[in-house]
Amino acid sequence: MAQSQAASSVTYIGKARARVDGPLKVTGTARYASDHNLPGMLYAVPVGATIAKGTIKDIDTARARQMPGVRAILKRGDLPPIAKITANFGESLMVDEPRPPFDDDTVRYYGQYVALAVADTFEQAKAAADAVAVTYAAETPNVDPHLVAKETKVASERGNAEKGFASAPVTIDALYAISPETHNPIETHATVATWDGDELTLYETSQGVINHRNVLADMLGLPRHKVRVIAKFIGSGFGSKLWPWSQSPLAAAAAMKLGKPIKLVLSRPMMFHAVGHRPRIEQRVRLGASRDGKLVSLQQDYVNSTSILDDYEENCGEATPHMYSVPNLRVTSGLAKRNIGTPTAMRGPGAVPGLFATESAMDELAAKLGMDPVELHLINEPQLDEGLGVPFSSRHLKECLTLGAEKFGWPKRDPKIGSMKRDGKTLGWGMAACSWLAARFDCTAAIELRDDGTVRVSSASQDIGTGTYTVMAQMVAETLSIAIERVEVVIGDSSLPSGALSGGSMLTASLIAPIDAAIAAAGAALITQASAGKNTPFSGVDAKKLQFSRGKVTAKDGGSATAFDEVLRALKVKSVSGQGSGEGTFGIEGKPKFSSHSFGAHFVEVMWQPEIARLRVSRVVSVFDAGRIINPLAARNQIEGAVVMGIGMALFEGTEYDARSGAPVNANFADYVVATNADIPALDVHFIEYPDFNLNTLGARGVGEIGLAGTAAALTNAIYHATGVRVRELPMKIESLL
21 MAQSQAASSV
31 TYIGKARARV
41 DGPLKVTGTA
51 RYASDHNLPG
61 MLYAVPVGAT
71 IAKGTIKDID
81 TARARQMPGV
91 RAILKRGDLP
101 PIAKITANFG
111 ESLMVDEPRP
121 PFDDDTVRYY
131 GQYVALAVAD
141 TFEQAKAAAD
151 AVAVTYAAET
161 PNVDPHLVAK
171 ETKVASERGN
181 AEKGFASAPV
191 TIDALYAISP
201 ETHNPIETHA
211 TVATWDGDEL
221 TLYETSQGVI
231 NHRNVLADML
241 GLPRHKVRVI
251 AKFIGSGFGS
261 KLWPWSQSPL
271 AAAAAMKLGK
281 PIKLVLSRPM
291 MFHAVGHRPR
301 IEQRVRLGAS
311 RDGKLVSLQQ
321 DYVNSTSILD
331 DYEENCGEAT
341 PHMYSVPNLR
351 VTSGLAKRNI
361 GTPTAMRGPG
371 AVPGLFATES
381 AMDELAAKLG
391 MDPVELHLIN
401 EPQLDEGLGV
411 PFSSRHLKEC
421 LTLGAEKFGW
431 PKRDPKIGSM
441 KRDGKTLGWG
451 MAACSWLAAR
461 FDCTAAIELR
471 DDGTVRVSSA
481 SQDIGTGTYT
491 VMAQMVAETL
501 SIAIERVEVV
511 IGDSSLPSGA
521 LSGGSMLTAS
531 LIAPIDAAIA
541 AAGAALITQA
551 SAGKNTPFSG
561 VDAKKLQFSR
571 GKVTAKDGGS
581 ATAFDEVLRA
591 LKVKSVSGQG
601 SGEGTFGIEG
611 KPKFSSHSFG
621 AHFVEVMWQP
631 EIARLRVSRV
641 VSVFDAGRII
651 NPLAARNQIE
661 GAVVMGIGMA
671 LFEGTEYDAR
681 SGAPVNANFA
691 DYVVATNADI
701 PALDVHFIEY
711 PDFNLNTLGA
721 RGVGEIGLAG
731 TAAALTNAIY
741 HATGVRVREL
751 PMKIESLL
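Residue numbering for the sequence shown follows our numbering, beginning at 21 and increasing consecutively.
Here it is, written out as structure tokens:
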């Protein structure tokens, strides 16, 4: 009790807090999907196609079946039926590659699963998979990086963009391209499946356990209550683990057929084949402006590659309609089919690549006008979302721009190319603005108040490394005025109250309402029992005259307050529970009342040494308007990680396909280069806190993806300032600067 009272003066919301799950992770106690080892478990290794286009003529498994420890070599027709899924986001039934594994003999991308080796050990399964001989009728694949869409559609339009562009005195017309990016979380995709003859349990690498359960149940023809998905800890996902991929139903179907637990863990090269990627994107941006910098026209036409199987669209125009004030705007999109695996959402899908193009074009316009880029942004700040015609729920981009410029020292910038020097090196200073949507998903949570003063909060959500365990504990501790150590957070299990996805930087905002409602429901249950029970301070008092606040029961007209644990002990009741829900705002049809987004600005300094062709990122200052920040430490961690990804996007990352075989040729960490500590300077992150109460009662918005938006453009704009070379294709190649 003393602990609870002592905590009443502690504020948890808005305070930096170390991860509550940190000790489990640093001691190795946290168990990720592939850490689960079950009695009698077998190991499975997929056999991937070695062509990207053609037909399977024969699969010879004779040699593989005779190898030591091999239990089965499974191919088309050997597994229980796996159904095709029609994706439906509103029904939590999403999958990017709806084609079931082994569905036919047509090969559409390199690495497509054609068989599955199952053995007593991983080594035996890998050897058996390598021994499977597949004969193909191969055709020449199309992995051409030059993209032409067969047809385009208008994503957003207002005014007459063509006419506005033709009449503008100053124009920019440029093509920007982004190479395919592969997510590459440290934890590769993994499934451990066990079937007891009636129920299926999956230990998964999933960013959405409810969606994963629904998809697997429907694929395998099982009632949803007979499928359980567990994902207690996830080694990040960046979007690749939002929806199930083919290895999950393969492992599940194998477990059902063989009656043994199956572990299937993808290798690093397999991560480049069949679990999604950000596709190649080409964008043409045309800007028209008056000589004083006011935009009169904006056109953005983008095409992204997609698989032969599916029509994945990278929504590059997501931020464009609301980002700038411009009367004439047109955004179009198109798809180019390729013999590649199906693309998927990657951190900041749509807005991140889209803002690379539009923010690069804005910098080109500023240079052509002889205007400071920050000033150009301020001149074109909209008063409302001109795409939707509604006010912003909260928009403080101006403050981000001005504070960022101040922190960076932007007023000292000499706009002349290559004019700034330090320590014998040429400096380049660049900036870019950014935006990311803010919304909520449908979500449910439960609260259990216990007689020992502890509280259990649960939801079938998950923590992908962003700090969800900690944020949930902070919310409960704050609302109930108890020590955070007394809060148990239980997530990552589809058997819990239906939770939300860890995607779109929306989970935290989605959890606030259901946690508040669950606490209120548990408090109401406690009041009912306190009023009706004997030996409590409130025995016989009308329940309508009591209230539950800050973890205590008290009379509405005043008087002494009694903590929930004291009331429970007086009642000789172990616990009371309550459940609450919150409605989502994402994907709701119709015109919203407000336009909800987060905003920010990046300022980047690069150092260029032409004598040895050496480019370094030497300084980054980032400022964000992301509503109220619940945990500044976790939020800063998220932004720093996103900026690192932005540096990788601009300078290093790009998946390359062999035109002959269609294989990703750099499918490993030796050849697919990512940013490392040696590439990253000290990162200076700032938040300007304007709570957005239109989104939730805490005024909080997500911070997972906004940090990546705009980073690449700020960096390439800095490169131009140092070298005079416009980088319009990512990743930048050093040859471009020579």
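We treat Cβ as the ideally placed atom computed from N, Cα and C, and that holds for glycine. This structure is a prediction, so every number in the text was calculated from the model and none was measured.
Counting only the same chain and skipping the five closest in sequence on each side, list residues whose C-beta sits under 7 Å from that of residue i.
i: Pro189; result: Ser310, Arg311
i: Ala633; result: Ile754, Leu757, Leu758
i: Ala139; result: Leu62, Tyr63, Gly89, Val90, Arg91, Ala145, Ala148
i: Gln494; result: Tyr32, Ile33, Arg37, Ile504, Ile650, Asn651
i: Gln267; result: Pro66, His209, Thr211, Leu284, Leu286
i: Phe258; result: His203, Pro205, Met366, Arg367
i: Pro517; result: Thr464, Ala465, Ala466, Ser478, Ser479, Ala480, Gln599
Closer than 6 Å by C-beta to residue i: which residues in its own chain qualify, once you throw out the five before and the five after it? Chain order, please.
i: Arg636; result: Met627
i: Glu219; result: Lys246
i: Ala648; result: What sits at residue 648 in the sequence shown is Arg, not Ala. Result list for Arg648: Glu709, Pro711, Leu718, Gly719, Ala720, in chain order.
i: Glu111; result: none
i: Pro347; result: Gly179
i: Ser601; result: Thr464, Pro534
Whole-angstrom Cβ separation of residue i and residue j, contact assumed at under 8 Å?
i: His342; j: Glu426; result: With a Cβ gap of about 25 Å, His342 and Glu426 do not count as contacting.
i: Lys2; j: Thr160; result: Past the edges of the chain, shown from 21 to 758, lies residue 2, and the structure says nothing about it.
i: Ile102; j: Pro118; result: Rounded, the Cβ-Cβ distance is 11 Å, inconsistent with contact.
i: Ile192; j: Arg306; result: 7 Å
i: Leu588; j: Ala542; result: Not a contact, Cβ separation roughly 11 Å.
i: Val235; j: Pro264; result: 5 Å
i: Val285; j: Thr208; result: 6 Å
i: Ala356; j: Ser325; result: 5 Å
i: Ser413; j: Leu715; result: 6 Å
i: Val154; j: Ala137; result: At roughly 12 Å, the Cβ-Cβ gap does not stay under 8 Å, so Val154 and Ala137 are not in contact.
Using 10 angstroms around the beta-carbon of residue i, count the other beta-carbons present and answer buried if the total reaches 16, otherwise exposed.
i: Asp483; result: buried
i: Val295; result: buried
i: His741; result: buried
i: Glu171; result: exposed
i: Lys592; result: exposed
i: Ala36; result: exposed
i: Gly598; result: buried
i: Val174; result: exposed
i: Glu143; result: exposed
i: Arg350; result: buried
i: Phe253; result: buried
i: Asp41; result: buried
Kindly indicate which three-state DSSP category residue i falls into: helix, strand or coil?
i: Ala646; result: coil
i: Lys45; result: helix
i: Glu749; result: strand
i: His622; result: strand
i: Arg639; result: strand
i: Ala36; result: coil
i: Thr352; result: strand
i: Ser756; result: helix
i: Thr499; result: helix
i: Pro652; result: helix
i: Phe568; result: strand
i: Met21; result: With a pLDDT of only 37 at Met21, under 50, the local geometry of the prediction cannot be trusted, and no value is derived from it.
i: Gly727; result: coil
i: Met87; result: coil
i: Ser54; result: helix
i: Glu174; result: Checking the sequence, you will find Val at residue 174 rather than Glu. Of the three classes helix, strand and coil, the one that applies to Val174 here is strand, per DSSP.
i: Arg589; result: helix
i: Ala520; result: coil
i: Asn108; result: strand
i: Lys252; result: coil
With a CB to CB cut of under 8 Å and the five nearest residues on each side skipped, what residues in its chain are close to residue i?
i: Leu113; result: Ile105, Thr106, Ala107, Asn231, Asn234, Val235, Asp238
i: Gly744; result: Ile437, Gly438
Inset, instruction - Say whether the stretch 87 to 97 touches the stretch 162 to 181, bearing in mind that this needs 3 or more beta-carbon pairs closer than 8 Å, one atom from each stretch. - result: no
Legend entry - Given 8 Å, three or more beta-carbon pairs between the stretch 447 to 466 and the stretch 720 to 735: yes
Legend entry - Any 3 or more C-beta pairs closer than 8 Å across the stretch 213 to 225 and the stretch 265 to 283: yes
Legend entry - Touch test, the stretch 300 to 310 against the stretch 193 to 206, Cβ-Cβ under 8 Å, three pairs minimum: yes
Inset, instruction - Could you tell me whether the stretch 121 to 134 touches the stretch 356 to 373, using the rule of 3 or more Cβ pairs below 8 Å? - result: yes
Legend entry - the stretch 553 to 562 / the stretch 485 to 496 touching (three or more Cβ pairs under 8 Å): no
Inset, instruction - Spell out a yes or no on whether the stretch 279 to 296 and the stretch 498 to 516 are touching, meaning 3 or more CB-CB pairs, one atom from each, closer than 8 Å. - result: no
Inset, instruction - Take every Cβ of the stretch 283 to 295, pair it with every Cβ of the stretch 667 to 687, and state whether three or more of those distances are shorter than 8 Å. - result: yes
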